[in-house]
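**Q** Can you read through this structure? Questions will come right after.
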Amino acid sequence: MVWQLHYTSAESGPTGRAGFQFVAQSPGLPDGLAGAVARHLTYRPPPGAPLSPSRGQILAMPAALGYTPLDHGLDHGPGREPGRGAVLARCVYLGRDYSGRYGNFLGHAVVLTEDDLVGLRPVEFWRAPLWSDAPAAPGTELPELAELTPGTSVDPESLGAWLASGGEDAYRRLALLLRTVHGALTRGHGRLVLVTGDVEDVVRWIAVISYSLPWTASARLSFLTYSADPASAPQMIVGTTPDVWLPSDIDATVVELDEAPPEAETGRFAGTVVGFWRRMDLDGIDALGEFGDEDPETVAALLALCRGDGSVSAAEQSAVAGLIQAASPSPERPSTGQPSMERPSARPPAAERLPTERPSSPGRSPAGRATVPGWVWAGLGRAAGLMGHELAAAVCAAGPPEAVALCAVRCAALAMRDPSLPPPARPLTVRDARALAPEAAAALGAARDLAALAGVVRNADAAGVPVDATDVERTVAELVRAGGEGLAEAVGRVPHGLRETVLAGAVTGLEGTSSRIRSRLLTPEVCALLAVRDWPAAPRTGAEVLRWLVESGRLGRVEATIALVRLAWPAPGEEPEGKADGETGGREAAGGKASGDTDGEASGRGAAGGEKAGEPSGGTAEAAGKAIKETAGEASGDTAGGRDAVLAAIWRDPPDAAECTLLLRTLGDAMNVSTHLLDLPARVFHRAGLKGPEVEGLAEQVRRSMSGGYPVDDAETALIASRLAGAPTPAEAARAVDQLTELTREGDRNLAPLARRTAAGALAGRDPRFRTTVMKRTSERTRRWLVSVWLSARIDRDEQLALLEIAIRLRSDGVVIATLDEWARSHVRNWSLFGSVEARFKRDPELAAGLRELTGPRRRLFGRGER
Numbered sequence: 116m117v118w119q120l121h122y123t124s125a126e127s128g129p130t131g132r133a134g135f136q137f138v139a140q141s142p143g144l145p146d147g148l149a150g151a152v153a154r155h156l157t158y159r160p161p162p163g164a165p166l167s168p169s170r171g172q173i174l175a176m177p178a179a180l181g182y183t184p185l186d187h188g189l190d191h192g193p194g195r196e197p198g199r200g201a202v203l204a205r206c207v208y209l210g211r212d213y214s215g216r217y218g219n220f221l222g223h224a225v226v227l228t229e230d231d232l233v234g235l236r237p238v239e240f241w242r243a244p245l246w247s248d249a250p251a252a253p254g255t256e257l258p259e260l261a262e263l264t265p266g267t268s269v270d271p272e273s274l275g276a277w278l279a280s281g282g283e284d285a286y287r288r289l290a291l292l293l294r295t296v297h298g299a300l301t302r303g304h305g306r307l308v309l310v311t312g313d314v315e316d317v318v319r320w321i322a323v324i325s326y327s328l329p330w331t332a333s334a335r336l337s338f339l340t341y342s343a344d345p346a347s348a349p350q351m352i353v354g355t356t357p358d359v360w361l362p363s364d365i366d367a368t369v370v371e372l373d374e375a376p377p378e379a380e381t382g383r384f385a386g387t388v389v390g391f392w393r394r395m396d397l398d399g400i401d402a403l404g405e406f407g408d409e410d411p412e413t414v415a416a417l418l419a420l421c422r423g424d425g426s427v428s429a430a431e432q433s434a435v436a437g438l439i440q441a442a443s444p445s446p447e448r449p450s451t452g453q454p455s456m457e458r459p460s461a462r463p464p465a466a467e468r469l470p471t472e473r474p475s476s477p478g479r480s481p482a483g484r485a486t487v488p489g490w491v492w493a494g495l496g497r498a499a500g501l502m503g504h505e506l507a508a509a510v511c512a513a514g515p516p517e518a519v520a521l522c523a524v525r526c527a528a529l530a531m532r533d534p535s536l537p538p539p540a541r542p543l544t545v546r547d548a549r550a551l552a553p554e555a556a557a558a559l560g561a562a563r564d565l566a567a568l569a570g571v572v573r574n575a576d577a578a579g580v581p582v583d584a585t586d587v588e589r590t591v592a593e594l595v596r597a598g599g600e601g602l603a604e605a606v607g608r609v610p611h612g613l614r615e616t617v618l619a620g621a622v623t624g625l626e627g628t629s630s631r632i633r634s635r636l637l638t639p640e641v642c643a644l645l646a647v648r649d650w651p652a653a654p655r656t657g658a659e660v661l662r663w664l665v666e667s668g669r670l671g672r673v674e675a676t677i678a679l680v681r682l683a684w685p686a687p688g689e690e691p692e693g694k695a696d697g698e699t700g701g702r703e704a705a706g707g708k709a710s711g712d713t714d715g716e717a718s719g720r721g722a723a724g725g726e727k728a729g730e731p732s733g734g735t736a737e738a739a740g741k742a743i744k745e746t747a748g749e750a751s752g753d754t755a756g757g758r759d760a761v762l763a764a765i766w767r768d769p770p771d772a773a774e775c776t777l778l779l780r781t782l783g784d785a786m787n788v789s790t791h792l793l794d795l796p797a798r799v800f801h802r803a804g805l806k807g808p809e810v811e812g813l814a815e816q817v818r819r820s821m822s823g824g825y826p827v828d829d830a831e832t833a834l835i836a837s838r839l840a841g842a843p844t845p846a847e848a849a850r851a852v853d854q855l856t857e858l859t860r861e862g863d864r865n866l867a868p869l870a871r872r873t874a875a876g877a878l879a880g881r882d883p884r885f886r887t888t889v890m891k892r893t894s895e896r897t898r899r900w901l902v903s904v905w906l907s908a909r910i911d912r913d914e915q916l917a918l919l920e921i922a923i924r925l926r927s928d929g930v931v932i933a934t935l936d937e938w939a940r941s942h943v944r945n946w947s948l949f950g951s952v953e954a955r956f957k958r959d960p961e962l963a964a965g966l967r968e969l970t971g972p973r974r975r976l977f978g979r980g981e982r
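Counted the way our numbering counts, the sequence shown spans residues 116 to 982.
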């Protein structure tokens, strides 16, 4: 129901009053509505118009067509929902009023609701047949309009031709006007004043703008084609003539239509609409309108994608994704008043779309969600290759199958290129997944670290894309070889079926990299993952893992040592780094040959463990692990992955006889691979102080298990030293001590002096005659170290007397040992000792004579001689 009202100056209106008033209206007009309409009915001729115009001049004056939405709804009576009201009015100049004065005009207004304008733009009523050129007689009841018939002068085709006739300036001006109006509609405030001498141009620009906007936006776009006071007019777009004065502080954008428009950036929406008008693609404009109140910039970006435009930015795609996510799929609906033309790149022609009932508010579903026209999905599917992940995922979540399939493929491809992105929420078809195999291979090749590789593999697996295990293994090996970290985390992220592949590649990379990188990458977490592997092709890596297993208490060091020895370790010439990591061998590598005997102390190879007799062998597991780490680092430097360095590390703590015995029984001569193993028996002998049954048992095991080498010499040394005290004759003792001399010349630096001290101590327990006989039968070298050990020990009174007796008897037999002889001479001059010597030796003529020879003439012997 549309009400009409006529407003003019009358001598006597319906109430008998004279002046401007409503002289006619439709019956049933709601109370108070006339007053609201009256504010929009005003007219003054242009300032340059004649004061007393002729009839022809009056007809030439600009008509003022105005449209203004009302702030309140209109009640159309029972059975009809209230709708938002609007005033559509046309004011024309009439000249004189009833009194003969100029200034009279007719304001013809129609009051309608949104439903009355569905599919129509208010500007289409320019020159519509419903308008009256003369007021009705006062008191006339105007009919209610059952149907609104628009005019024919502002149809889209004629407007497109008019724009084309204006050339580039017209299109540039349209872009600027659209930018201004879009901004005003978005912000809810802002005005545009169009200045020209031809009101028809104002109408055309308002019409072009209205057709360029969605119908819902044009329904909110208030306008007035002419006003003599545009600064006070409330409408958003107001036309005026050049002779109208405009204040300098007018709150509006003023556009002189007779001047060339400036160059300016206008945005995608304006550019898209201008492109549609250039091509006369009215169906494209219609497509924009089908999104209703959605942001035109976002809708324009969406249409650009549907048409294969690759210039849509990431920010625009993000906005489109937001629109898609807020959308509810809907069937096609007919256009909302704009002409429809076939748009093959965007949607089917209007004739092929499903007819539906025209909605009351286009662009929104009944639930208030954004409505995406059904034809959009096919276009988005075709544009999947242009999409970023956010938009492709949004289409996957909200779109129909024909769009989802292509966008899921896009999501999967992007998720493999950038593993931080999630894979598609919907599975790919087998065909699509297989087609992405080259993409997966390329993503693997582009992975810069293990985390990225794990992400590629994980996302490919989630999407069902096949990944070549050989490519995965090779890429992991390359990344690890280059020092890539995060292996344990990467293994945890890849699918279970590919974890062994990743570990195999990691082992290859670890084995091929430098020892420094290898040691850094073999974290406890990585070693735990590799703990149960065999190491025939990766001995360096295996050695490091075995070291960690011992360090962490997960494997005994005997078992680890056996595994290390059995590794197929490459020869030095086969090392990719130029030498075997940490490999050493021979007595010189362990400590160097003895440079010759000093008096009494052997100078042989260094003890691998460095412990002294009596050193504790315990300590917490934490301390042991720390010690192993420190030893590995100190022993090998840049070759921390070498077997010898690992053996040094795990055997840093003192070994025991049981461990050595098991190693000897299992490995035998294979222990020759490392001096650290060869030194183990000596360390046990030294730690036990060459005492106890375990010493002799271990020494015998060495004899049985090894065919030669210095461990056998160390075993002989231990046996001689531990059994010397039981030698039955001086001759046998002498042979044993001479053999010990030779064995300890290059023996273990800790074991050799201990063995000599032990042997010397064993002889010291025998009587002086036995010891003298042994000394006479041994070599000069043996005598020197025996005397040195005896003299350097703590000597009590009995030992002093025994050593004096040995010195005298050796001297009597012509054997003079300089250090012993000198010691004896110095001690017999001691009065305290002399008394004991004199008392002991006077009963033995041989000893008494020898004592006289030592003391000389000044010493009183046996109560005679000079003092």
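Glycine included, each C-beta is placed from N, C-alpha and C at the ideal position.
Source: prediction; values computed, not measured.
Leaving out the 5 sequence neighbours to the left and right, which residues in its chain are closer than 8 Å to SER214 when beta-carbon positions are compared?
**A** Contacts found: GLU126.
**Q** Are the CB atoms of GLU640 and VAL66 within a distance shorter than 9 Å?
**A** Here the chain comprises residues numbered 116 to 982, so residue 66 is not present and cannot be evaluated.
**Q** HIS297 and SER376 - do their beta-carbons sit closer together than 9 Å?
**A** Checking the sequence shown, residue 376 turns out to be Pro, not Ser. The answer is no: Cβ separation not under 9 Å.
**Q** Which residue from ARG393, PRO516, ARG662 and TYR158 puts its Cα closest to that of ALA348?
**A** The candidate whose alpha carbon is nearest that of ALA348 is TYR158.
**Q** Determine the contact status of ARG306 and TRP277, defining contact as a CB-CB distance below 9 Å.
**A** No, Cβ-Cβ distance for ARG306 and TRP277 is not below 9 Å.
**Q** Going by CA-CA distance only, name the one from THR486, SER327 and GLY579 that's closest to PHE406.
**A** The shortest C-alpha separation from PHE406 is found at THR486.
**Q** Could you say if the segment 837–853 and the segment 770–786 meet the contact criterion of at least three C-beta pairs nearer than 8 Å?
**A** Flag = no, the segment 837–853 and the segment 770–786 do not touch.
**Q** Can you grab the Cα-Cα spacing for the pair PRO160 / ALA367, in whole Å?
**A** If you take the alpha carbons of PRO160 and ALA367, they lie about 22 Å apart.
**Q** In whole angstroms, give me the CA-to-CA distance for ARG383 and ALA415.
**A** Rounded to the nearest angstrom, the two C-alpha atoms are 6 Å apart.
**Q** Could you pull out every residue in the same chain whose Cβ sits closer than 7 Å to the Cβ of ALA558, ignoring the five residues on either side in sequence?
**A** Excluding residues within five positions, the ones whose Cβ falls inside 7 Å are MET531, ARG532 and VAL571.
**Q** Is it buried or exposed, HIS611, if we count other Cβ atoms within 10 angstroms and call 16 or more buried?
**A** Result: exposed.
**Q** Pull up the distance between the alpha-carbon of ARG860 and that of ALA597, whole angstroms please.
**A** C-alpha separation (whole angstroms): 49 Å.
**Q** Based on the DSSP secondary-structure assignment, which residues constitute the bridge partners of VAL609?
**A** None; VAL609 has no bridge partner.
**Q** Consult DSSP for ASP185 and reduce its assignment to one of helix, strand or coil.
**A** Position check: residue 185 holds Leu in this sequence, whereas Asp was assumed. Three-state result, LEU185: strand.
**Q** Going by beta-carbon coordinates alone, are TRP490 and ALA402 separated by less than 9 Å?
**A** For TRP490 and ALA402, yes; Cβs fall inside 9 Å.
**Q** Apart from the five residues just before and just after ARG497, which ones in its own chain have a Cβ nearer than 8 Å to its Cβ?
**A** The answer, listed in chain order, is CYS421, GLY423 and LEU521.
**Q** Take every Cβ of the segment 824–843, pair it with every Cβ of the segment 891–905, and state whether three or more of those distances are shorter than 8 Å.
**A** They do not touch, by the three-pair rule.
**Q** Can you check whether the CB of ALA179 is closer than 9 Å to the CB of THR340?
**A** Contact: yes.
**Q** Find out if the Cβ-Cβ distance for the pair ALA290, VAL388 is shorter than 9 Å.
**A** Result yes, Cβ atoms of ALA290 and VAL388 sit closer than 9 Å.
**Q** Which residue marks the beginning of the beta strand (DSSP E) containing VAL238, and which one marks its end?
**A** Segment: none, VAL238 is in no beta strand (DSSP E) and carries neither H nor E.
**Q** Measure the Cβ-Cβ separation of THR356 and GLY494 and say whether it is below 9 Å.
**A** Contact: no.
**Q** With distance defined between alpha-carbon atoms, name the residue in LEU682, VAL117 and LEU594 nearest to ASP649.
**A** Here the closest residue by C-alpha is LEU682.
**Q** Using DSSP with H/G/I as helix, E/B as strand and the rest coil, what is TYR158?
**A** The answer is coil: DSSP assigns TYR158 none of H, G, I, E or B.
**Q** Name the DSSP bridge partner or partners of THR934?
**A** Looking at the DSSP assignment, THR934 forms no beta bridge with any residue, so it has no partner.
**Q** Report the option in LYS891, SER820, VAL817 and ASP913 whose CA atom is closest to the CA atom of ASP853.
**A** Checked all of LYS891, SER820, VAL817 and ASP913; the closest Cα to ASP853 is LYS891.
**Q** Put TRP766 into one of helix, strand or coil per three-state DSSP.
**A** Three-state DSSP puts TRP766 in coil, outside helix and strand.
**Q** In terms of residues, what are the limits of the alpha helix (DSSP H) holding ILE835?
**A** 825–838 is the extent of the alpha helix (DSSP H) around ILE835.
**Q** For PRO534, which option in PRO516, ALA569 and ALA513 has the closest C-alpha, if you only look at C-alpha atoms?
**A** Selected option, being the one with the closest Cα: ALA569.
**Q** Are the CB atoms of GLY824 and PRO784 within a distance shorter than 9 Å?
**A** The question names Pro, but residue 784 in the sequence shown is Asp. Cβ atoms of ASP784 and GLY824: closer than 9 Å.
**Q** Cutting at 6 Å between CB atoms, please list the residues of its own chain near PHE800, excluding the five before and the five after it.
**A** Once the five neighbours on either side are set aside, the close Cβ partners of PHE800 are VAL810, ALA833 and LEU866.
**Q** Under three-state DSSP, which class holds ILE352?
**A** In the structure shown, ILE352 sits in a strand (DSSP, three-state: E or B).
**Q** Could you compute how far the alpha carbon of GLY965 sits from the alpha carbon of ALA803?
**A** Cα to Cα, the separation comes out at about 41 Å.
**Q** Closer than 8 Å is the cut-off here; do at least three beta carbon pairs connect the segment 127–140 with the segment 260–269?
**A** The segment 127–140 vs the segment 260–269: no contact.
**Q** Under the three-state reduction of DSSP, which class applies to PHE406: helix, strand or coil?
**A** Here PHE406 sits in coil by DSSP.
**Q** By Cβ distance below 7 Å, which residues in the same chain neighbour ARG983 in space, the five residues on each side in sequence not counted?
**A** Residue 983 lies beyond the residue range present for the chain, which begins at 116 and ends at 982; the question has no answer from this structure.
**Q** Distance, Cα to Cα, THR735 vs ALA870?
**A** Confidence at THR735 is low in this model, with a pLDDT of 37, below 50, so its placement is unreliable and the value that follows should be read with caution. Near 31 Å, if we compare the C-alpha coordinates of ALA870 and THR735.
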